[in-house]
Amino acid sequence: MEKGADMAGASANNSSDFVRKLYKMLEEPSYEHIVKWGEGGESFVVLENEKFTKSILPKHFKHSNFASFVRQLNKYDFHKVRQNNEDNTPSIYGNNAWEFKHPEFQASKKDSLDNIRRKAPAARKPAQAQEDQFAPNHHIELINSQLMATQTQLQHLSERYQDLANGHVLLLKQVVDLQRFVKNHDGVMHSVMGFLHGVDAQTRRNSRIGGPFANGVNPGVDPMSNDASVDDHPASPLQQASDLLDQFSTENLPNKDLEQMTHDYQFRNDYSTPPTDHGASMAPHSEGSSAHLAFQIGNDLDNMVYPVGHTNGIDPINSEHINNIPYALPPNGMLPVNPMPELVPEVSPVSGRKRSVMEPIWGMTKPMVLLVEDDKMCAKIGSKFLQAYECGVETARDGLEAVNKINSGSNQYDLILMDIIMPNLDGVSATVCIREIRPDIPIVAMTSNIRQDDIDMYFRYGMNDVLPKPFTKEGMLKSLQKHLAQFMKGAPQFPNAPPMPHPSGFPVQNPSHPALGLNMAQLTAGPQLKEDPGSGKSPATATSWHSPNQIPGQSPVGPPPPGFMPPHMRENPYNMAPPHPHPQAGYPAPPNQPLGPPRPAPQQHRRVMSDMTGGPPEEHPDAKRQRMFPPPNGGYPQ
Amino acid sequence: MPDTHEEERSEEGSVGLPDLGDSIDALTFEQILEMDDEDNDDREFSKSIVFGFFEQAEQTFDQMDEALEKKDLPELSSLGHFLKGSSATLGLTKVKDSCEKIQHYGQQKDEAGTKDEPDKQICLDKIKDILVVVKEQYEEVEKVLRRFYAEPSS
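Protein chains in written order, with my numbering: chain A, 61 to 698; chain B, 101 to 254.
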């Protein structure tokens with residue numbers, strides 16, 4: 061048996077090996093009496109079983125087991141030719157002869173030997189078939205499991221998304237509430253300011269008629285004269301309070317993005333509640349979003365399946381592959397028109413300008429800037445920069461033209477960039493005039509005269525900011541972003557809001573924060589001073605800002621050039637910022653501070669302001685009182 | 101955000117620019133050049149600005165001479181201020197500094213504009229000297245700039 065197994069193994073290597081050996085054996089004439097071709101050559105006969113087994117089998121098949129030989133023959137589909145026992149005639153080859161036959165095994169057809177094949181084991185074929193079938197089943201199972209995993213993952217993601225969304229909505233609600241609060245406060249502040257302005261104007265009118273300083277400052281004589289502009293101003297403390305309010309409002313601006321996000325969020329959820337209704341809308345809002353979410357998932361199931369099938373290689377459990385799944389993860393298609401702001405691709409507008417076009421920073425509405433500049437060159441460059449920032453630009457050659465433009469269409473501009481020294485009407489005087497019509501429009505002084513006392517004056521007369529000359533693109537952009545934040549991409553568009561949100565510096569008026577006014581002022585002044593391009597013009601700027609004692613050193617003697625606003629206000633403005641009745645707490649005003657030539661106008665202002673703030677006069681420090689009533693004709697240079 | 105963007109632009113812009121000399125502040129001037137259309141090699145915009153400045157400067161110098169003759173210090177200060185603005189916008193540092201001095205002396209202050217200079221004649225003399233210097237400085241930058249714009253888009 062063992063040898064038979066060997067042989068079977070050997071013959072398995074070449075299916076016809078056994079057959080060829082058999083054929084070769086039969087060709088040997090010396091075996092004729094033991095094994096030979098049968099009659100007709102269609103079979104072969106083993107005549108002498110014993111001799112065959114002992115002498116021939118070992119020689120040709122390396123074993124001596126006749127049964128094994130027969131089994132081998134059977135494997136090759138040889139069949140023993142049955143002896144016809146019926147007639148009881150002995151086989152023609154003798155009684156002990158074994159005759160085997162295969163249709164293809166013939167003495168004359170050696171070529172057909174190759175057709176004799178070992179029979180394939182019956183058990184093996186079905187096994188293989190089963191294996192082939194198993195593969196698709198397995199794949200389907202795999203895909204199914206992947207699908208399940210992906211769906212689970214998606215479920216988790218959507219749950220997390222919803223959690224985040226709910227948190228987001230809550231946060232936004234809070235922010236918007238806060239902003240609304242600030243806005244209301246702001247409105248209150250502005251009504252107060254408006255009232256104070258009215259009172260102030262009346263007081264000024266009265267004092268102009270009968271005041272003790274009327275001789276020195278006759279506003280009617282020369283409209284170009286600086287005195288006129290001085291006297292026409294609202295009280296400087298008032299102005300300063302306005303400025304501080306303005307400044308604070310710009311500090312608030314980053315929050316506008318959040319507000320815009322709320323809007324976007326609402327849009328995306330197809331929830332068209334007006335923004336004033338956040339509180340009421342919250343609950344249904346969340347429900348709505350979740351409903352959308354569920355719907356979205358159910359709807360997208362097909363979309364989910366196919367990509368998974370195609371990306372067979374990824375492990376759906378491993379979340380880092382989630383980005384490879386080629387369908388959009390967040391169901392942001394609820395309202396496809398309003399994508400999240402951060403998803404908006406930064407597409408530069410196609411335009412004639414190339415390098416000169418900056419990244420678009422504005423939303424739907426582009427701001428309109430009035431550039432007031434007497435120097436044609438500066439005006440040209442300034443316009444070009446503004447256009448590069450996609451602002452609408454109009455220019456005015458001097459303050460007079462600017463005032464006329466504002467008069468003719470006061471609401472068409474959103475920001476004024478104002479040169480200071482100009483023929484006909486200087487920028488500061490123009491600002492005062494414009495403030496009568498547009499109390500809220502941001503006016504940015506655009507000048508190289510950025511000494512501290514100059515800046516003080518600009519702010520006092522209603523300007524909101526300073527853009528030092530020569531202006532840089534960066535400086536201009538910062539100024540635009542600061543004062544036109546409501547136009548910026550992502551800023552909310554309140555239908556009823558004025559173009560420039562009212563300043564909202566509520567803490568400024570809070571008597572319990574005496575230092576805040578000063579801090580705010582530092583905030584406003586700090587950046588501009590830093591932007592001083594180092595002209596060497598204002599070496600004492602940084603220090604003099606906080607120390608009023610240095611200021612007298614800067615007081616001029618000679619008459620100012622024509623058209624040039626003399627720096628009227630030598631005093632540090634924070635001495636006269638009395639919104640808080642305890643200036644000495646936050647600001648170390650020296651009682652006997654040398655103030656340079658005192659002027660009537662500021663004195664009036666102080667008195668007016670103290671009246672207006674309604675604070676009891678006795679709360680004002682003595683230092684303030686002293687400055688309030690200085691010698692009327694004390695060295696007034698003009 | 102835009103800041104870094106701007107810086108990149110500036111660096112980009114500085115490549116390939118000819119040396120404009122130390123009397124021109126490259127960064128400021130490049131700002132003007134950046135406003136030129138990129139696909140328009142003749143630098144139309146900045147050229148118009150620069151040549152407009154030439155005209156303006158020469159005119160202002162004439163007016164300064166005139167005002168000096170009339171000993172009109174306020175006018176001199178005003179003219180100095182005027183030219184200071186445009187030269188500063190182009191980054192013509194030296195011219196700008198001189199104009200600033202004229203502006204200050206015209207206000208009867210010292211060079212830096214911090215102390216008073218009550219003597220009118222001193223102020224006029226100083227301005228006279230500065231006027232000579234500033235014209236030289238102007239001619240220098242004019243030469244550089246004219247060369248710059250003569251070379252087509254170097």
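C-beta: ideal position from N, C-alpha, C; glycine also. These numbers were taken from a predicted model, which means no experiment stands behind them.
Three or more beta-carbon pairs separated by less than 8 angstroms are not found between the region 193-208 of chain B and the region 141-150 of chain B, which leaves the two stretches without contact.
Of the other Cβ atoms in all chains shown, fewer than 16 fall within 10 Å of the Cβ of A:ALA127; this residue is therefore exposed. Residues of chain B whose Cβ lies closer than 9 angstroms to the Cβ of A:ALA456 do not exist; the shortest such Cβ separation is about 16 angstroms.
Taken in chain order, the whole beta strand (DSSP E) runs of length 3 or more contained in the region 191-277 of chain A number zero. A Cβ-Cβ contact shorter than 8 angstroms links A:ALA462 with A:ILE494. Secondary-structure assignment with DSSP links A:HIS139 through a beta bridge to A:LYS161. For B:THR128, the enclosing alpha helix (DSSP H) stretches over residues 126-134. Just measuring C-alpha positions, the residue of B:GLU155, B:ILE227 and B:LYS171 sitting nearest B:GLU239 is B:GLU155. Here the region 91-105 of chain A makes contact with the region 150-168 of chain A; the two share three or more CB pairs at distances below 8 angstroms. According to the DSSP secondary-structure assignment, A:GLU454 is paired through a beta bridge with A:LEU430. For the C-beta of B:GLN131, the chain A residues within less than 7 angstroms are, from N- to C-terminus, THR532 and LYS533. Within chain A, the residues placing a beta-carbon under 9 angstroms from that of B:PHE153 are MET437, ordered along the chain.
The residue from B:ILE149, B:LEU173, B:GLN163 and B:MET164 with its alpha-carbon nearest to that of B:LYS220 is B:LEU173. Nearest C-alpha to B:GLU211 among B:GLY180, B:THR189, B:LYS235 and B:GLN237: B:GLY180.
For A:ALA505, the nearest beta carbon of chain B is not closer than 8 angstroms to its own beta carbon.
Excluding its 5 nearest sequence neighbours in each direction, A:MET253 has C-beta neighbours in its own chain below 8 angstroms: LEU298, ALA301, SER302 and LEU305, listed in chain order. Membership of A:ASP479 in any alpha helix (DSSP H) is not indicated; the residue belongs instead to the beta strand (DSSP E) covering 475-479. Residues of chain A whose Cβ lies closer than 9 angstroms to the Cβ of B:THR189 are, in chain order, ASP435, MET437, CYS438, ILE441, GLY442, LYS529, PRO530 and PHE531. Listed along the chain, the chain A residues whose CB falls inside 9 angstroms of the CB of B:ILE227 amount to none; the nearest CB is some 13 angstroms away.
Per DSSP, A:ILE503 lies in no alpha helix (DSSP H) segment; the continuous beta strand (DSSP E) that holds it begins and ends at 503-507. Residue pairing by DSSP places A:SER103 opposite A:LYS161 in a beta bridge. Here A:GLN239 is buried. Its C-beta has 16 or more other C-beta atoms within 10 Å.
Spanning the alpha carbons of A:VAL526 and A:ILE503 requires a straight line of approximately 9 angstroms. Taking 8 angstroms as the CB threshold, B:GLN156 lines the interface with chain A. Counting along the chain, A:LYS96 sits inside the beta strand (DSSP E) bounded by residues 95-97.
In terms of beta-carbon proximity, B:PHE182 lines the interface with chain A, with at least one pair separated by less than 8 angstroms. B:PRO174 is not bridged by DSSP to any residue. Its Cα nearest to that of B:LYS228, the residue B:ALA167 stands out among B:GLU130, B:VAL244, B:ILE132 and B:ALA167. DSSP places A:ASP525 in the strand class (E or B) of the three-state scheme. With respect to the 8 angstroms criterion, A:ASN509 and A:ILE466 are not classified as neighbours on the basis of their beta carbons. With at least 16 other beta carbons inside 10 angstroms of its own, B:SER187 counts as buried. Counting C-beta pairs with one atom in each stretch, the region 258-269 of chain A and the region 483-492 of chain A have fewer than three that are closer than 8 angstroms, which means they do not touch. DSSP places A:ALA439 inside the alpha helix (DSSP H), whose first and last residues are 436-448.
According to DSSP, B:LYS209 shares a beta bridge with B:ASP216. By the neighbour-count criterion, in which a residue is buried when 16 or more other Cβ atoms sit within 10 angstroms of its Cβ, A:ILE200 is exposed. Distance from the CA of A:GLU450 to the CA of A:GLU534, rounded to the nearest whole angstrom, comes to 14 angstroms.
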